[in-house]
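Some notes on the structure that comes next.
There are 2 protein chains.
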Amino acid sequence: MFTLTRYLRSAAFKLPAEVEMSRLRLLETSTLSHTLQKNVFEGIHRNDKVCRFKLPPDLQKIINLEVGREPVKSHQDLIELLRQVCSLSVKTGHPYFINQLFSGMDPYGLAGEIVASSLNSSVYTYEVSPVFTMMELEIFEKMREIVGFPQGKGDGIMSPGGSISNGYGVSVARFHKRPSTKEKGLSGGKPMVMFTSEDAHYSCKKLAVFEGIGTDNVIGVKVDSRGKMKPDELEEQVKKVLSEGKEPFLVIATAGTTVIGAFDPLEPIAEICKKYKLWFHVDAAWGGGALMSTKYRHLMKGIEKADSVTWNPHKLLCAPQQCSVFLCKDENILTDCHAAHASYLFQKDKFYDSQRYDTGDKYIQCGRRADILKFWLMWKAKGTEGFERHIDHVFGLKEQLIAEIKNRGDRFRLLIPDYECTNVSFWYVPVNLRNLETDSTEFQKRIHKVAPKIKEKMMKEGSMMVSYQTLREYPNFFRTVFQSSGLTSEDIKYFLDQFENLGADINL
Amino acid sequence: MFTLTRYLRSAAFKLPAEVEMSRLRLLETSTLSHTLQKNVFEGIHRNDKVCRFKLPPDLQKIINLEVGREPVKSHQDLIELLRQVCSLSVKTGHPYFINQLFSGMDPYGLAGEIVASSLNSSVYTYEVSPVFTMMELEIFEKMREIVGFPQGKGDGIMSPGGSISNGYGVSVARFHKRPSTKEKGLSGGKPMVMFTSEDAHYSCKKLAVFEGIGTDNVIGVKVDSRGKMKPDELEEQVKKVLSEGKEPFLVIATAGTTVIGAFDPLEPIAEICKKYKLWFHVDAAWGGGALMSTKYRHLMKGIEKADSVTWNPHKLLCAPQQCSVFLCKDENILTDCHAAHASYLFQKDKFYDSQRYDTGDKYIQCGRRADILKFWLMWKAKGTEGFERHIDHVFGLKEQLIAEIKNRGDRFRLLIPDYECTNVSFWYVPVNLRNLETDSTEFQKRIHKVAPKIKEKMMKEGSMMVSYQTLREYPNFFRTVFQSSGLTSEDIKYFLDQFENLGADINL
Chain A
0 MFTLTRYLRS
10 AAFKLPAEVE
20 MSRLRLLETS
30 TLSHTLQKNV
40 FEGIHRNDKV
50 CRFKLPPDLQ
60 KIINLEVGRE
70 PVKSHQDLIE
80 LLRQVCSLSV
90 KTGHPYFINQ
100 LFSGMDPYGL
110 AGEIVASSLN
120 SSVYTYEVSP
130 VFTMMELEIF
140 EKMREIVGFP
150 QGKGDGIMSP
160 GGSISNGYGV
170 SVARFHKRPS
180 TKEKGLSGGK
190 PMVMFTSEDA
200 HYSCKKLAVF
210 EGIGTDNVIG
220 VKVDSRGKMK
230 PDELEEQVKK
240 VLSEGKEPFL
250 VIATAGTTVI
260 GAFDPLEPIA
270 EICKKYKLWF
280 HVDAAWGGGA
290 LMSTKYRHLM
300 KGIEKADSVT
310 WNPHKLLCAP
320 QQCSVFLCKD
330 ENILTDCHAA
340 HASYLFQKDK
350 FYDSQRYDTG
360 DKYIQCGRRA
370 DILKFWLMWK
380 AKGTEGFERH
390 IDHVFGLKEQ
400 LIAEIKNRGD
410 RFRLLIPDYE
420 CTNVSFWYVP
430 VNLRNLETDS
440 TEFQKRIHKV
450 APKIKEKMMK
460 EGSMMVSYQT
470 LREYPNFFRT
480 VFQSSGLTSE
490 DIKYFLDQFE
500 NLGADINL
Chain B
0 MFTLTRYLRS
10 AAFKLPAEVE
20 MSRLRLLETS
30 TLSHTLQKNV
40 FEGIHRNDKV
50 CRFKLPPDLQ
60 KIINLEVGRE
70 PVKSHQDLIE
80 LLRQVCSLSV
90 KTGHPYFINQ
100 LFSGMDPYGL
110 AGEIVASSLN
120 SSVYTYEVSP
130 VFTMMELEIF
140 EKMREIVGFP
150 QGKGDGIMSP
160 GGSISNGYGV
170 SVARFHKRPS
180 TKEKGLSGGK
190 PMVMFTSEDA
200 HYSCKKLAVF
210 EGIGTDNVIG
220 VKVDSRGKMK
230 PDELEEQVKK
240 VLSEGKEPFL
250 VIATAGTTVI
260 GAFDPLEPIA
270 EICKKYKLWF
280 HVDAAWGGGA
290 LMSTKYRHLM
300 KGIEKADSVT
310 WNPHKLLCAP
320 QQCSVFLCKD
330 ENILTDCHAA
340 HASYLFQKDK
350 FYDSQRYDTG
360 DKYIQCGRRA
370 DILKFWLMWK
380 AKGTEGFERH
390 IDHVFGLKEQ
400 LIAEIKNRGD
410 RFRLLIPDYE
420 CTNVSFWYVP
430 VNLRNLETDS
440 TEFQKRIHKV
450 APKIKEKMMK
460 EGSMMVSYQT
470 LREYPNFFRT
480 VFQSSGLTSE
490 DIKYFLDQFE
500 NLGADINL
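In order, the protein sequences belong to chains A and B. For the first sequence, numbering that gives the first Met the number 0 begins at 0 and goes up steadily by one. For the second sequence, numbering that gives the first Met the number 0 begins at 0 and goes up steadily by one.
Given below as structure tokens:
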């Protein structure tokens, strides 16, 4: 970083009119790097806290967030502000941050992100982003190969997160079923109906609203006791929708549900899609990374039968956010469905094959960051075999956690006996609830209040971060989730010890 | 950066299972920083090239983009790859990159981006992103104040680019007109119709397709000779749509069109919206930055009457990509329209005011990068007065360019006599076309072929990057566009000299 400053301070580059040279020392080695080192990188030490939680009014007292007409007085003030930003932010790279479907700090990923930010590209035309365009084409092909799509065909795009990738699934599926919607929209026609499991990610509903489908037309198919979509229920629902005179067009199966980590049975779902001519999209945003492992890719058996797939390397593969890929078996549908042929960007009379290499018109975004570089660099640095070791390690951690929970007798109860992905859902059971049956009303009512209490203490101590939630009829429970292959067996014990410490005084 | 490596190499942090210590030297001072310095930061020197253009097959011969089972052999290989990535990428921070609606390299912005990447946050809950949540609330309020929205009210979100921000405009406008669309979708009802100018950004159509509206229901209202939407034409079109039994719901006015840089007349458009009860969205993605300037904010007179606004600090204000804000006068509609209440993320029984501070449910994204930090840091470092100096400087450059073009007699012709934003559109006229009238068929036919020829030479020389395009009936012309306040009067002369050099031999 400091090299930029040194360069900007040289005579070679005229500074922006409003940037004062004296302030630029912000970017010197001794300041920015030091701030990052002290407050981010050293902050992911196991002896340090995951967070220093402050309620909003307290936080506002510590850091002056206000912006105004005048700049801060000195570069020291700026650095102090950055220090506060780092210090008050959650350390998502800390080993004890197991709160969300992302975590960890991959050094190659971060290096790629920094280079991409320094180049500040926008990947819409080959002319402006030659390297990143070709890099995307290479990575999409390799990912399609790993999914099992036919070689040398198909298409792909990157998008700002799995929600929007799923939205692309809705978009191409609708266009496939009723191409006239591109011009005519959805009005007038019969309702188009999509299916997903009741445990699917909320983005399916959210994007269905955004895309004019409406929540009533998103059918949440029942799941079995392991959280997997029931194919017979799916077929029943499709028949019901048809009998109501509506138009089924899409099934979104989930490979790794958000909370339980379940993998929907892709092969029978694929059969149903074929039978009823429905687009088959697999939301493998979370579980997709497991395709890299010989040992675990069987969880997604049948994924090669999908028409399209969402796969977020920023989840299980630990790429920095954001890094989400939408893959598609059809070569032309992304362009046919989304292209608007803006004459200022996608000129047809360019001197290179713009039809092939100006990929931006497939997207609903115009300007777009080069999210590909970090993932490509990680892949170059580790190889598929490195990703495989990563996956095998984090799945192994999950097995260790389950064994350790069982070891600890009546202090913990698992929601379901086994888990397919790295998510593990359980209740910590305070002493006075240990004699109650899990399915008794009494237990359900009282255990529901436990997790929020523990979470509050956990946040205030900053000793770890784990999320709690309800699901279907289940009262509040905790869900741990592993993506960082820097975690060890000792960490697993630490997590459960923490729950016992935090829960010791709880008497509800 | 190198501090991360040093830290990871210490005993304090266990490395991810698949990362080999020996490879980590990639991130040492002497390698990554050196690579950035040599190939990015020094690459923005005026004496250096904006790009080293290679056709796809040639590029693939230089850099091995392939990923596979095994990693690269050494960290030297990785660094060499990064060097090639930088060297073959377009230097968008180079002063002679005036090709798109973004450019420049703001040192504060880049510092903010690097800190944000290192923290790898996701701004959906206060719990996970306390600082960035509060920072967003502060910045949105300040931006609404600058727009002129009522104080202490309203709402805002950040989105991955202006296209999706405009999509939010469509989404809330539709919900406002017909709230039942959230559940029912668009099917069955009469077509909902939106209006924008024929020169509006292509994202309006693109998002209308994505959101189920359909291109037939996006009316492109005629513009006047300066590229500004004609309000009387707008009213005619609204009446026509009503008479056809369709439902008008939204007008998107543009404040700074993509090619011409025109500002639609917001006050009369606001009147029409009021009269016909239409949502009034202003796409100020490009022009919005000018609100920071006392001298130029009059261009957007009436913007305070809008219901919502798109404003991209990554354009005219030179924040690194991506940084796009959607502002809204209504306090609740973003939540009412988009919330899906995912129980695993937006728990109601948290120990802080999650209703107020867990802002993620307003979004169609789930995970979301902290795009706010870079902009906040720039604002802290420069103050509004710094942004004002920036805007005044780049608008001044545009005036200088117009004067210089006029100075150069028959070698250049301006598309229209004056320009409101920093875009300037013109033809370079080869010697043998100089005696032809601009509106003669002969001139139009022959000049159309000039720009692609010049552009090809320009790219191959790498001496600058300027885009060409058609617009409405206009044959291919060039458009320069300024965002970097590091540009000087000398640069203006350089640009025109380059056109004369590149065009000298052209004989069409």
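C-beta atoms are modelled at their ideal positions from N, C-alpha and C, and glycine is treated no differently.
Determine contact between the stretch 282-294 of chain A and the stretch 305-313 of chain A, defined as no fewer than three beta-carbon pairs at a distance below 8 Å.
Verdict: yes, contact present.
Report the partner residues of ILE156 (chain B) according to the DSSP bridge assignment.
B:PHE325.
Is GLU112 (chain A) buried or exposed, if buried means 16 or more other CB atoms sit within 10 Å of its CB?
GLU112 (chain A) is buried by the Cβ-count criterion.
In angstroms with no decimal places, state the Cα-to-Cα distance between LEU185 (chain B) and ALA172 (chain B).
Approximately 13 Å, taken between the alpha carbons.
So for HIS74 (chain B), helix, strand or coil by DSSP?
DSSP, reduced to helix, strand and coil, places HIS74 (chain B) within a helical segment of the structure shown.
Would you report the Cα separation of ASN422 (chain A) and PHE411 (chain A), rounded to the nearest angstrom?
Our two residues, ASN422 (chain A) and PHE411 (chain A), have alpha carbons roughly 15 Å apart in a direct line.
Runs of alpha helix (DSSP H) wholly within the stretch 390-449 of chain B (minimum 4 residues, chain order):
Entirely contained in the stretch 390-449 of chain B, the alpha helix (DSSP H) runs reaching 4 residues are, in chain order, 440-446.
With DSSP collapsed to three states, give me the class of PRO55 (chain B).
Residue state, collapsed to three classes: helix.
Which value, in whole angstroms, describes the spacing of the CA atoms of THR195 (chain B) and MET133 (chain A)?
Cα to Cα, the separation comes out at about 35 Å.
The stretch 227-243 of chain A / the stretch 384-404 of chain A touching (three or more Cβ pairs under 8 Å):
Cβ pair count under 8 Å is below three, so no.
What residues in its chain sit with their C-beta under 7 Å from that of GLU436 (chain B), if we drop five residues either side in the sequence?
The answer, listed in chain order, is PHE442.
Of all Cβ atoms in chain A, is any one closer than 8 Å to the Cβ of TYR418 (chain B)?
Not one chain A Cβ lies under 8 Å of TYR418 (chain B).
Residues sharing a beta bridge with PRO247 (chain B), DSSP
Answer is B:VAL192.
From the DSSP output, which residues share a beta bridge with HIS280 (chain A)?
In the DSSP output, where bridge partners are listed per residue, HIS280 (chain A) has A:ILE251, A:SER307.
Under 7 Å Cβ-Cβ, which residues of chain B neighbour PRO70 (chain A)?
Within chain B, the residues near PRO70 (chain A) are LYS379, ALA380, LYS381, GLY382, GLY385.
Under DSSP, the beta strand (DSSP E) around TYR467 (chain B) begins and ends at which residues?
TYR467 (chain B) -> beta strand (DSSP E) spans 466-470.
Can you tell me which of the three DSSP states PHE476 (chain A) falls into?
Three-state result, PHE476 (chain A): strand.
Taking the C-alpha atoms as reference points, what is the distance between MET463 (chain A) and ILE505 (chain A)?
Roughly 18 Å between the two C-alpha positions.
Check this for me: beta carbons of LEU35 (chain B) and SER117 (chain A), under 8 Å apart or not?
With contacts defined as CB atoms closer than 8 Å, LEU35 (chain B) and SER117 (chain A) qualify as a contacting pair.
Between the Cα of GLN75 (chain B) and those of A:VAL122, A:PHE498, A:LYS379, A:GLY108, spot the shortest distance and give me the residue it belongs to.
Among A:VAL122, A:PHE498, A:LYS379, A:GLY108, the Cα nearest to that of GLN75 (chain B) belongs to A:LYS379.
ILE145 (chain B) - containing alpha helix (DSSP H), residue span
From DSSP, the alpha helix (DSSP H) with ILE145 (chain B) extends over 129-146.
Excluding the 5 residues preceding and the 5 following ALA207 (chain B) in the sequence, name in chain order all residues of the same chain whose CB lies nearer than 6 Å to its CB.
Same-chain partners within the cutoff: VAL217.
Nearest to ALA450 (chain B) by CA position, among B:ALA318, B:MET142, B:PHE476, is which residue?
Cα-wise, what sits closest to ALA450 (chain B) is B:PHE476.
Opening and closing residue of the alpha helix (DSSP H) in which GLY42 (chain A) lies:
Annotation: GLY42 (chain A) is outside any alpha helix (DSSP H) and is labelled neither H nor E by DSSP.
Span of the beta strand (DSSP E), counted from its first residue to its last, around GLY161 (chain B):
Segment 161-176 is the alpha helix (DSSP H) holding GLY161 (chain B); no beta strand (DSSP E) there.
Are the beta-carbon atoms of LYS221 (chain B) and ALA339 (chain A) separated by less than 8 Å?
No; because the gap between Cβ atoms is not below 8 Å, this pair is not in contact.
Beta-carbon proximity list for LEU396 (chain A), same chain, < 6 Å, skipping 5 on both sides
Same-chain partners within the cutoff: PHE481, LEU486.
Output, in chain order, the set of chain B residues within a Cβ distance shorter than 7 Å of MET134 (chain A).
Per Cβ cutoff of 7 Å: LEU64.
DSSP three-state assignment for ILE218 (chain A), whether helix, strand or coil
Of the three classes helix, strand and coil, the one that applies to ILE218 (chain A) here is strand, per DSSP.
Using the C-alpha atoms, what's the distance from GLN468 (chain A) back to GLN346 (chain B)?
Whole-angstrom Cα-Cα distance: 7 Å.
Does any residue of chain A have a CB that is nearer than 8 Å to the CB of LEU507 (chain B)?
Output row for LEU507 (chain B): interface = no.
Verify whether the separation of the beta carbon atoms of GLY288 (chain A) and ASN119 (chain B) is less than 8 Å.
The Cβ-Cβ distance between GLY288 (chain A) and ASN119 (chain B) does not fall below 8 Å.
Relative to chain A, which residues along the stretch 135-166 of chain B have a C-beta separation below 9 Å, given in chain order?
Within the stretch 135-166 of chain B, the residues whose Cβ lies closer than 9 Å to any Cβ of chain A are, in chain order, LEU136, GLU137, ILE138, LYS141, SER158, PRO159, GLY160, GLY161, SER162, ILE163, GLY166.
Just reading off the alpha helix (DSSP H) that HIS337 (chain B) is part of, what are its end residues?
Per DSSP, HIS337 (chain B) is one residue of the alpha helix (DSSP H) stretching across 332-337.
Chain A partners of ARG388 (chain B), CB-CB under 7 Å?
Those are ALA16, GLU17, listed as they occur along chain A.
Return yes when the Cβ of PRO429 (chain A) is within less than 8 Å of the Cβ of GLY359 (chain A), no when it is not.
Contact flag unset, no.
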